[in-house]
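Here is the structure:
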């Protein structure tokens, strides 16, 4: 294939990026045993080993199988084992049974990764068609998503062990570093009016830059009423005030489904909080520690976020409001990446990115003009547009380079094991 | 209280309306036995007797208890029994156990209705404050909703009896009346642009005219992309083509949640359809009969509607598109009420009203600026704004005077026992 | 058919008995509304109307269909509706949906009863073969079982209504009648040795006298170790002492399955007990009243009975021990029938019969040499010989003439809605 | 402590036995990875690692903690983690979550085993009191039970992996060794009469010889009716005939609970059977292979065994019949231990031991005079005497030295993952 110079440079960048992202995934598992990597604490949370295998499967299935005439899967039987939910590829192995796969071993899965990476590097050494490169870019974004899921899932797996294993030890001295006090919560007003929502990227984006998922497209017009958005996320201390004010006992604060879910599950606090010696502690990837009041509250469901907002005399933002405000604030594409942390920390406001995903009041639905990609890869996002709520921003566990203002994360409203927090919004009366 | 003449006339109209609506509810139960009125086939479908009692409870609880200084409930213990979900009033009797209330008897519940109606008529004989009148208007709209629910619930109760009881016999000769053939499905284009959505009514509406629920308010601006809307609902014959084309077996047509729901429940056709002697029959309030291909398809879930639309190369409309098109078509407020039927019939297009509720692709969420009413009555609509989809229009079972373009009906996406059908929409490329 | 004089007399007795038993069933429903008769509070507890229909179904299906060459069912579609569990007859209507049959109405079911009774009386007016008479005798025993079930089921249905309907009012003055104090619990020793268990009846018994179910046969030898049996059932007061001693909180007292069942269901006291104003009350067929300490404890599961026995330093008897002791005490066939009561009462010891069914530690299993009857009626008892425990004696709700020492009642160990109580036993050291 | 010479010899024998049994357990895990040892495919089947830890926990908790004044648990937090169900020791870790314990690692658990073995050997080097030695003997019997469970559980874990891992490879040449044809099934008659059942062992047995669990005691008299017992277990070929004769589709063959269980679970064949290329295969610890018709059928539930027996015109034996016949046949204590195999094989009749556990028609209930041991170890057997059926004999996976005629194995009637098969019995008419 004959391609231009700039395109070749783009492909080279992608090739480097490929190596980096794949290495990062492995690096996340460095301190874990093969046993740790097999854990599955609930159907929604996959084993670490499965994440390693599934991300490899993605490149084998959607890139190599298409690019190479002589393609042979590394192991035919693994095609179903590590398929997540692409029914176009065949019937996937049952999600709830991913933790029962002691074979292939962690070592075999790692070997498969290396083998696949070699094939991919070879592929990227010769010019490839743009749509294949776009699939590779998609695969890397997919892998970054799983980097975060790997951590959120592992946190839940470890939480289910009464020994409460520590993922990585806190840095020396950190615990004693003083945390700046939380500034008072303020609301910044936005005038609203005719605005744009979404991403203009064509196809899967221009490979290396400007990537967006299909669900962020197309860029389209909307009309915004005037609104105000909080200048930072809600803190643990503020959430504790809600708890102490009977927040979990006052039905009037809750959506009907939320009240039911909360009563059934017996929620009394965010996930990973527990009482010890009369005070609230929390489990983090660095182990157990007292809840730090200044930090953004995390691991709350949409239902809890919504109830908190009602209690606070506010509401959750729509995803359009959030995106508009993030772009206006100039942090639409985070200029300086947040340092990644094992738990959300207080850093400079407005913390649109890098601390906690922020629940919106928007259901996860298609944008006007939304189109899925052809083929099985088209199952990526579209078929989940039912029963889920949009979260915006990014979290302490989101990989560098994976955040943008138009990004639409989504989970069921009762999910709590993601790094999900709360940003408030308010109506502004129309003058 | 001293009120003006026009206001007095309005109250008089309301008083007459009150008598009419209450009488209509009773009339619906005329042919039923006390045993029929006790049936509860699933938690979501209440007994007929419970509907009779709950609508009475509404007036007692929200109107009489507020209006009369000497108020005493008719029976203290019934306050919890016939409370649906207003936690502000106290803990309601369990919804799934409504069918276990042989006492109070149907006769006692009817007596309570008469007693309450007398008190209400007495109240309406002297001038009342506007906000109380608004609560009464709300109570009547509430009662009309339950008139339709009474029929949809009863249909499900009867369906669970292998004897398949008939609610009312078909009129003589009807079965032989020729049904006009379904015209080809067409799409009418709309230019979109800046538009308005919702209802401007203040409070609960101006009592007798211009009523709107809180969830239809406020009237607000939106931006619509160009779109096209089908000129009539999808017919049984068209839906059968989808079934015959493997619609229920092709995962690629379905939302992920829909596919799971469908597989788990074993859906193969709309609710109330069954096979007899090699052809499809359906159960209606007039009993069993062969499926009539020209009639609008009915008793499909949102998931089925969505899958059908994908199969047909179309999509479901948003609620904004639906409302805009209905208003444009001049049938925003149905000028001539549809004749009510025990099942949807083919009548003059576009059948925005009077045949089947039409699933949209919009989740049931608050409009910008939405406010609930103060007090327990504020639980009416707002707390259900999670996990449900909007239906628009009205059905063959909707009472006269209860349909309008801004009306937002809502049910969980898997619900099938309402008179719910399908209207298709399409994107129109922006010139 | 030519039959002897004595046999004809026996048939005449049966004919009279038939009329009596059938009338008694109807009499039990005298004060109930059609709505009351439709209630079904759980799958295990059938509606009263269903009991009326099913007992009629039994005679139609197993007697009339066999006896009459020109047999036609009263209504073909009712054959499945009122079949309980005889798969040999066809697929029965789902047990959990018996409460959804508003049609046929109570009145229609009563008419069917009368019609069937006429046919049966006609049949019994001419000489019939012994095996048919045995089926009729079986049908009457079956009907008597349902007389008791009708009451236990109704009690549970009414319990689920917060209004707590009263089945029949207590007789004037009863409440003030002094109850004699409970005598101290004593144990009567039995020497054991070679003994007989069961019933010698051939076929279904000699029609009118000496009836026994198949599960009581054959009479067979057993070896009994020496044992001692309590001279009366455990009282409410004694059971309360167990409760106050932490009986429901001490796992060591419970069978493993029992502890799980109890924790899951949250049992704290016998079924139908509740707290009011600081004391224990109970719901009876005569309504609510304080627990009477002298009366036999009732509505406990096998698990609770077993835990109580362990707490009391005793154990439950085996069914062989119970039967042996009952026969020894001379009350094997109750000479004087207990007066029937809406709740167990204290009467003359040893109360083997007429107060509460008594849980044994014997699983419900076939006796050596057990044979089921041929045909569908053979499903009567044998197929339930798994997962259930035997209860012996009879209760306050057992019809007159339906008690005998060899009678084997059986329920799942977690069942509590029968009139089930506790009689203790102890080992006696071998000399 | 001063003890006699013979007692010292007995203790020495126990010390050697201790080393042997503990080594055998480890040997079973030799070919497994740490990942394999973490698998838990259902709540009833524990991870291999958990078995290793729990058997160690038993000695630490019931022996070392009692024997040593300076006792300190190896790790305080493991006391709850590896407690199975002894509520007297404290609240055990949830059974269904045993597979979530990646920590402690397999290596740590092995180290703990070695450490505990050292302490135990030291203890057994000085004279100990008889009751402590009895606890040690109990611990070794307990460990042998877990040796079999380790294999049955592992087989189920591996079955849930579509790759179907092989536990150990079949020996060279085995597959080609001709299997002798199954001789015709015959029944050997027993006269019955007064007999003895159970075991006379005092306490936990005389330490090394004559051990019996509490549930086998006391030895007591029973009366047996004449009966006949099959001279060998039912074969795969015979069971296949039942399947082909519609055994799984004929309700009349099944206990009511069995029919329900079977319909709900969709059983069509024994567990581990599957269809491949038109014939039946089975999964074994040696991998997949065609079903061998001559071998004893295995992995059937009590319900299936019971239905098969009814189909064959026979019944299951009582445990008393089984024990009596096994003793009569001279194989009451297997003289020559069966060679252990990864699956049941055909060897010399009557195969009371060494092939498959044999379901009886006896519920697992206390013998007359049964007493539990004092303290938490008393929870060993007694509290499970509800809802389970007795199996007799031993299987291909039972360790050498762990079989005896009085042994009472027990499982819920629906359990299929044990090596459980069928031996038929028949009534013999009393002459």
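Protein chains in written order, with my numbering: chain C, 1 to 431; chain F, 432 to 862; chain H, 863 to 1293; chain A, 1294 to 1724. Glycine is no exception: its CB is placed at the ideal position from the N, C-alpha and C atoms.
For residue 288(C), the first and last residue of its enclosing beta strand (DSSP E):
287-290
Where residue 1302(A) falls, given that 16 or more other Cβ within 10 Å makes a residue buried:
exposed
Which whole-angstrom value is the C-beta distance of residue 1718(A) and residue 1564(A), which I expect to be below 8 Å?
About 24 Å separates the two Cβ atoms, so there is no contact after all.
Got a sec? Which residues, its chain only, sit under 7 Å from residue 622(F) by beta carbon, not counting five neighbours each side?
657
When you compare the stretch 984-998 of chain H with the stretch 487-503 of chain F, are there three or more beta-carbon pairs, one atom per stretch, that lie closer than 8 Å?
In short, these stretches do not touch, since the Cβ pair count stays below three.
Does the beta carbon of residue 1487(A) come closer than 8 Å to any beta carbon on chain H?
yes
Within 10 angstroms of the Cβ of residue 444(C), are there 16 or more other Cβ atoms? Answer buried if so, exposed if not.
Any answer about residue 444(C) is impossible in this case: the structure gives chain C only from 1 up to 431.
Sequence-distant residues of the same chain with beta carbon closer than 7 Å to residue 1330(A), five excluded per side:
1322, 1340, 1341, 1342, 1399
By DSSP, does residue 484(F) sit in helix, in strand, or in coil?
helix
How close, in whole Å, do the beta carbons of residue 739(F) and residue 677(F) come, if the pair is a contact with beta carbons under 8 Å?
Going by Cβ atoms, the distance from residue 739(F) to residue 677(F) rounds to 13 Å, so no, they are not a contact pair.
What are the partner residues of residue 194(C), as DSSP defines its beta bridges?
According to DSSP, residue 194(C) bridges with 223(C).
Cβ shell of residue 436(F) (< 6 Å), same chain only, five flanking positions each side left out:
The answer is none, since no qualifying residue turns up.
Given this structure, state the Cα-to-Cα distance separating residue 18(C) from residue 844(F), to the nearest angstrom.
40 Å
Kindly identify the DSSP beta-bridge partner or partners of residue 714(F).
According to DSSP, which records beta bridges pairwise, residue 714(F) is partnered with 719(F).
Under 8 Å between the Cβ atoms of residue 1184(H) and residue 1283(H)?
No, the Cβ-Cβ distance between residue 1184(H) and residue 1283(H) is not below 8 Å.
Could you check which residue in 11(C), 212(C), 418(C) has the C-alpha nearest to that of residue 132(C)?
11(C)
What residue from 1255(H), 1240(H), 1225(H) has the CA that sits closest to residue 1679(A)'s CA?
1225(H)
So which residues on chain A does residue 1225(H) lean against when the C-beta distance must stay under 7 Å?
Under the 7 Å cutoff, chain A gives 1656, 1658.
Boundaries of the beta strand (DSSP E) in which residue 789(F) is found, first to last residue
788-794
Would you say residue 1677(A) lies against chain H (beta-carbon separation less than 8 Å)?
yes
Is the separation between the beta-carbon of residue 390(F) and that of residue 486(F) shorter than 8 Å?
Within the shown structure, residues of chain F are numbered from 432 to 862, placing residue 390(F) beyond reach of any answer.
At least one CB of chain F closer than 8 Å to the CB of residue 1258(H): is that the case?
It does not; no Cβ of chain F falls within 8 Å.
Contiguous alpha helix (DSSP H) assignments of at least 4 residues, all confined to the stretch 1514-1549 of chain A:
1529-1537
Can you tell me where the alpha helix (DSSP H) holding residue 1238(H) begins and where it ends?
Element bounds for residue 1238(H): n/a, residue is neither H nor E.
With DSSP as the reference, label residue 1482(A) as helix, strand or coil.
strand
Expected contact under 8 Å - CB spacing of residue 775(F) and residue 716(F) to nearest Å
In fact, because the Cβ distance is near 11 Å, the residues do not count as touching under 8 Å.
Residue 1458(A) vs residue 1662(A) beta-carbon contact at 8 Å:
Cβ atoms of residue 1458(A) and residue 1662(A): not closer than 8 Å.
Check the Cβ-Cβ distances between residue 1380(A) and every residue of chain H, and say whether any is below 8 Å.
yes
Can you tell me where the beta strand (DSSP E) with residue 1684(A) in it begins and where it stops?
1682-1685
Answer yes or no: do residue 220(C) and residue 237(C) have a C-beta to C-beta separation smaller than 8 Å?
Using a Cβ distance threshold of 8 Å, residue 220(C) and residue 237(C) do not count as a contacting pair.
Closest Cα partner of residue 1255(H) within the set 1246(H), 1277(H), 1279(H), 1269(H):
In this structure, 1269(H) is the residue among 1246(H), 1277(H), 1279(H), 1269(H) with its C-alpha nearest to the C-alpha of residue 1255(H).
Classification of residue 1127(H) by the beta-carbon crowding that lies within 10 angstroms, buried from 16 upward
exposed
Please look up how many angstroms separate the CB atoms of residue 1113(H) and residue 1380(A), rounded, as I've assumed it's under 8 Å.
4 Å
Would you please verify whether the beta carbon of residue 39(C) is less than 8 Å from any beta carbon of chain A?
yes
8 Å Cβ cut-off: residues of chain H touching residue 536(F):
895, 897
Comparing alpha-carbon positions, which option in 70(C), 62(C), 100(C), 189(C) lies nearest residue 139(C)?
62(C)
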